[in-house]
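Input: a single structure, listed below in structure tokens.
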Amino acid sequence: QPGCWQDKFNKPIEELTNGDGFLTSLFQLPRYLLFCSHYRSHEWFFESLWNQQCQFVGVLCPNYQMFLNGECGCEDLLIDGHGETTCALMGYDAEYAVLRQGLTKFSPQGKWYLKTSDFYTQTGHHCQYQYQLIVKLGQFIPNNNIGNVSIAIVTDDNRIIMNEKVYPKYYPQLRPNYRL
1247 QPGCWQDKFN KPIEELTNGD GFLTSLFQLP RYLLFCSHYR SHEWFFESLW NQQCQFVGVL
1307 CPNYQMFLNG ECGCEDLLID GHGETTCALM GYDAEYAVLR QGLTKFSPQG KWYLKTSDFY
1367 TQTGHHCQYQ YQLIVKLGQF IPNNNIGNVS IAIVTDDNRI IMNEKVYPKY YPQLRPNYRL
């Protein structure tokens, strides 16, 4: 998780000198060094209370690399007559978000991933916006499908935060109904 590695040396030293007592702080040190990302979970929860503009969205995915590659997304499924989702909100509103979507069942089994940022050095928040863009192509006409697909994300003040060519860089051939 961003921020964990640089914090692994600064945070334990702060804890050793914060007045809780040497033995208490010494006990906390290995816990923090080994489990930084889970050690911060309370920070994420509190941020979910005061930062209503961004939601922590966990995505169900077999592994982290597939998550990073965008191979797992948010899909609502009908399983055994119950609506389920492959995405879930984390934080204060988590339980009610499933009900608002009209889903009747939530099964948290599996591996869930989300992206966070380094609170202190980047944005002032742990939460990051996550985007899923689905491009559906129309009818395929041989030898007439030449070109590129690029994605740009621009802020309200016209700052470009992402400009990425996604085809043909990642996909050798586009076909109708192919998900990028």
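Each residue of the sequence shown is one higher than the one before, starting from 1247 at the first, in our numbering.
All C-beta atoms in this analysis are idealised placements derived from N, C-alpha and C, irrespective of residue type, glycine included.
Look up residue 1359 in the DSSP assignment and say whether it is helix, strand or coil. Strand, per DSSP.
Taking all protein chains shown into account, do 16 or more other C-beta atoms lie within 10 angstroms of the C-beta of residue 1362, making it buried, or fewer, making it exposed? buried
Helix, strand or coil for residue 1415? Go by DSSP, reduced to three states. Below a pLDDT of 50, predicted positions are generally treated as unreliable, and residue 1415, at 46, falls in that range; the measurement from the model is reported next regardless. Of the three classes helix, strand and coil, the one that applies to residue 1415 here is coil, per DSSP.
Going along the chain, which residues of its own chain have a beta-carbon closer than 8 angstroms to the beta-carbon of residue 1290, five neighbours each way excluded? 1302, 1336, 1337, 1362, 1372 and 1373
The alpha helix (DSSP H) that contains residue 1371, what's its start and end? Counting along the chain, no alpha helix (DSSP H) covers residue 1371, and no H or E run does either.
Work out the CA separation of residue 1304 and residue 1310 for me, nearest whole Å. 12 angstroms
Quick one: is residue 1402 near chain C, going by C-beta distance under 7 angstroms? The structure shown contains no chain C, having only a single protein chain.
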